[in-house]
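Note sheet for the following structure.
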Amino acid sequence: MERVKANFKASLELALPGQEILLERPKGADMGDFAFPCFRAAKALGKNPAQIAQELAASLQIEGAEILATGPYLNLKLHPQVRARLLLEAVLGPVPFGSAPAHAETVLVEYSSPNIAKLFTIGHLRSTMIGHTLAQVNRYLGCQVQRLNHLGDWGTQFGTLLAAYKRWAEQQNPRLDQDFEWSEETAEKHRTPLFRLFQLYVRFHQEEESQPEMRDEARSWFKRLEGGDAEARRLWTWFRQVSLAEFQRIYDRLGVAFDAMDGEAFYEDKLNSAIEQMRNAGILEEGEGGAQIVRLEDMGIQTPSIMLKADGTSIYATRDLAAALYRQKTYGFDRCLYVVGSDQVLHFQQLFAVLAKLDPWFKGRLTHTPFGMIKLPEGKMSTRKGNVVFLEDVLDEAVTRVLAVIEEKNPELPHKEAVAEMLGMGAVVFFDAMNDRVKPITFTWDRVIALDGDTGPYVQYAHARILSVLRKAGATWVDKARPTATPDAAIVPYSCEAIPPSLLGLEDPAAQTLLFELAGLPDAIRSVQRENMATALARQLVAIAKAFSGFYTNCPILWAENSPEVRDSRLLLCVATARALRQGLFLMGIKAPEEMWWENWWQT
RNA sequence: GCGCCCGUAGCUCAGCUGGAUAGAGCAUCAGGCUUCGAACCUGAGGGUCGGGCGUUCGAAUCGCUCCGGGCGCACCA
Numbered sequence: 002m003e004r005v006k007a008n009f010k011a012s013l014e015l016a017l018p019g020q021e022i023l024l025e026r027p028k029g030a031d032m033g034d035f036a037f038p039c040f041r042a043a044k045a046l047g048k049n050p051a052q053i054a055q056e057l058a059a060s061l062q063i064e065g066a067e068i069l070a071t072g073p074y075l076n077l078k079l080h081p082q083v084r085a086r087l088l089l090e091a092v093l094g095p096v097p098f099g100s101a102p103a104h105a106e107t108v109l110v111e112y113s114s115p116n117i118a119k120l121f122t123i124g125h126l127r128s129t130m131i132g133h134t135l136a137q138v139n140r141y142l143g144c145q146v147q148r149l150n151h152l153g154d155w156g157t158q159f160g161t162l163l164a165a166y167k168r169w170a171e172q173q174n175p176r177l178d179q180d181f182e183w184s185e186e187t188a189e190k191h192r193t194p195l196f197r198l199f200q201l202y203v204r205f206h207q208e209e210e211s212q213p214e215m216r217d218e219a220r221s222w223f224k225r226l227e228g229g230d231a232e233a234r235r236l237w238t239w240f241r242q243v244s245l246a247e248f249q250r251i252y253d254r255l256g257v258a259f260d261a262m263d264g265e266a267f268y269e270d271k272l273n274s275a276i277e278q279m280r281n282a283g284i285l286e287e288g289e290g291g292a293q294i295v296r297l298e299d300m301g302i303q304t305p306s307i308m309l310k311a312d313g314t315s316i317y318a319t320r321d322l323a324a325a326l327y328r329q330k331t332y333g334f335d336r337c338l339y340v341v342g343s344d345q346v347l348h349f350q351q352l353f354a355v356l357a358k359l360d361p362w363f364k365g366r367l368t369h370t371p372f373g374m375i376k377l378p379e380g381k382m383s384t385r386k387g388n389v390v391f392l393e394d395v396l397d398e399a400v401t402r403v404l405a406v407i408e409e410k411n412p413e414l415p416h417k418e419a420v421a422e423m424l425g426m427g428a429v430v431f432f433d434a435m436n437d438r439v440k441p442i443t444f445t446w447d448r449v450i451a452l453d454g455d456t457g458p459y460v461q462y463a464h465a466r467i468l469s470v471l472r473k474a475g476a477t478w479v480d481k482a483r484p485t486a487t488p489d490a491a492i493v494p495y496s497c498e499a500i501p502p503s504l505l506g507l508e509d510p511a512a513q514t515l516l517f518e519l520a521g522l523p524d525a526i527r528s529v530q531r532e533n534m535a536t537a538l539a540r541q542l543v544a545i546a547k548a549f550s551g552f553y554t555n556c557p558i559l560w561a562e563n564s565p566e567v568r569d570s571r572l573l574l575c576v577a578t579a580r581a582l583r584q585g586l587f588l589m590g591i592k593a594p595e596e597m598w599w600e601n602w603w604q605t
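The numbering of the first sequence is our numbering, which starts it at 2 and goes up by one.
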């Protein structure tokens, strides 16, 4: 497929010397596989674009394809047989479809980064799953990826927590294992020490509004913590431990993992040298009220970056700076992506500006990948105010709804719970990717857990139907659509399949459309890497699933016109589609059940 | 007030390094299961791409401006 494209491009370069040849993907299979818009060439040559297209169509020849002038476009359209052969070779060949060979580029992806002592909300899902997808895709495309979880385990919030614990918990419930008499538990499953910590945090902020002096209490506790106070340290360690245990449970459920979990506290002993570097560079100065700041007006940023507060303690900017310097030394990265919400754009602009002043090496290597916040219909979510939607509640609700559908449509299905888990997760995670833009999302249960239409379960359903057909065709066919071994972090490995000489039965327009959409997958994967958004991949998977449905309803597979050759080519197309869907979902962290059925190849 | 982001079908959103007739899903309406999974498919209606001006052979896409919404703006992260 790539060879034909390169061939086409080379021919055009020969025919139009000096012109830059940019090939596009036509809108549909009937128009062709590659398109060359003639507008620019027309302008340069002072001719009508449609006329140029016709002249080129008459003069160019590519084996196995027609070259057609369609208005101002010159389209290369492969013969159906050739298209089928090239595509099946690409999907079923030895190289994972759409992947790229390993190369030396090192990409750091910082994502998830929850705050200790707070619970995972639906808001954390975005950073976690977008980051996971970016990490997977970059690895698939041959980059050396480091997945970093920059845990929020340091800062004034711990002062808040320590102060709150001392005030209300130490006497009443020092181990946080039972209810506070002043609180209302929300649900049985939240009755954990971490949830009690969360309650302390919320209460502190509520009372702080009427008693501003409590803020100083919190700040002084953080100062004690940063100063090495033994009691503060002991409690901090324990809070952290309690939190990590619950985070891990959620990561396991989401199938997300990290190469490093160095939180903010990890950089504590690296802050001084970072401050020193800034001082030596002469960019640190004293601002209003005695804080140490870096002025950034010359970089077009009016708000200076605070590096040390007036009381001498560090701030998140200090720790982010130290982290970047540490990563420079440790990984020598080419790119570092920060998958963090759009409410922090200014912070990252400041951070990148300070780093660029400190060392030009950083220029162009740092990218903030912002995403829109998730709002509730009644307004912004705020952990402090306690009006949040917890991620686990969303996942549980999704699974419950899927289970209800199963009971209705397929009550005999074995392993219902496991299948429901995969589909519920798929619905929530896929929804997030479909809308991966900077716009804020208003959370409503029905939207996030939709199961019909352009959703994860739609794609998963297409996959399950394919496997159902293959099961009826025989065990060897099922095996072709199954991974051959445990996948590594980004690649589901499949066996290489020989393509038979005859590929009858794929000339039907529905089959050709499916081939065309499959051919769009590599571009979609590259687009994820380029745009740092999962949207293109999610939408291409829907397009493939939709095209499969068309193929499935229009082309009989198992009893295809009494022709074994037709049957085999169509089965092969099914295998290719199943692999593409499964691989694509896998990159997004979504599992594809075979019968909406339990399977456990990824666990061992 | 200043800065950044966003206004596309009734609803939720794609499409944005300018290019083919602006596309999906949901909802509504009309059809399709004695045959490979109907968690599906086929069709219909539905649009001043927020308004205006500009650049261009060509603008949803680029620039300016106005309107509407979100976020941020020095010791939280």
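Here a beta-carbon is modelled for each residue, glycine too, at the ideal position from N, C-alpha and C.
Bear in mind that the values here come from a model prediction, so they are computed numbers and not experimental data.
Among the options, which residue has its Cα nearest to the Cα of residue i?
i	options	result
F35	P18, L17, L69	L69
T477	S184, Q350, D569, S244	D569
A354	P502, R366, S343	R366
N116	V92, R241, F181, A51	R241
I22	K547, G29, F37, D31	F37
S306	G264, I251, E111, Q351	Q351
Y268	R448, G291, I316	I316
V420	V400, P102, D437	V400
V567	A548, F552, L505	L505
F121	R254, Y459, E422	R254
G551	G156, I467, Q172	I467
G427	A539, D260, S12	A539
C497	A491, A490, E508, T485	T485
V395	F9, A105, L126, G47	L126
R140	A490, I500, N533, E596	A490
G380	S60, T443, A512, A261	T443
G29	E14, S60, N76, A266	N76
I276	P594, K310, E3	K310
Q83	G256, M2, T107, M308	The displayed chain sequence assigns Val, not Gln, to residue 83. Closest by alpha carbon: M2.
Can you tell me which residues form a DSSP beta bridge with residue i?
i	result
E111	L149, Y339
I442	I375
T370	V340
I284	Answer is none; I284 lacks a bridge partner.
Y74	P38, T71
L79	A66
F259	DSSP lists no partner for F259.
E25	A36
F391	T122
K364	DSSP lists no partner for K364.
K10	Beta-bridge pairing links K10 to no other residue.
Pull up the CB-CB distance for residue i and residue j, whole angstroms please, since I reckon it's below 8 Å.
i	j	result
I526	L135	Going by Cβ atoms, the distance from I526 to L135 rounds to 11 Å, so no, they are not a contact pair.
E435	D453	Going by the sequence as given, residue 435 is Met instead of Glu. Not confirmed; about 14 Å, so no contact.
I481	V576	Checking the sequence, you will find Lys at residue 481 rather than Ile. Indeed, because the Cβ distance is near 5 Å, the residues count as touching under 8 Å.
N49	A58	The Cβ separation is near 14 Å, so there is no contact.
P494	P488	6 Å
Q147	L109	5 Å
Y339	E532	Their Cβ separation, rounded to whole angstroms, is 15 Å, which puts Y339 and E532 out of contact at 8 Å.
P523	G99	3 Å
L152	I251	Their Cβ separation, rounded to whole angstroms, is 13 Å, which puts L152 and I251 out of contact at 8 Å.
N555	A511	4 Å
Please list the terminal residues of the continuous beta strand (DSSP E) segment that includes residue i.
i	result
F37	35-38
I467	Where I467 is concerned, there is no enclosing beta strand (DSSP E), although the alpha helix (DSSP H) it sits in stretches over 457-474.
V677	Nothing can be reported for residue 677: it is not among the residues displayed for the chain, which extend from 2 to 605.
In terms of residue numbering, what span does the alpha helix (DSSP H) encompassing residue i cover?
i	result
Y141	123-141
M2	Counting along the chain, M2 falls outside any alpha helix (DSSP H), and DSSP gives it neither H nor E.
Y202	194-209
E518	510-520
M1	This structure does not reach residue 1, given that the chain is present from 2 up to 605, and the question cannot be answered.
L588	565-588
K167	It is not in any alpha helix (DSSP H) - K167 carries neither H nor E in the DSSP assignment.
N555	536-555
Q350	346-359
G425	417-435
K224	214-227
K330	317-332
At least three beta-carbon pairs within less than 8 Å, the segment 85-105 to the segment 496-516: yes
Contact the segment 157-167 vs the segment 210-230: 3+ CB pairs below 8 Å: yes
Meets three-Cβ-pair contact criterion under 8 Å: the segment 318-327 and the segment 354-363: yes
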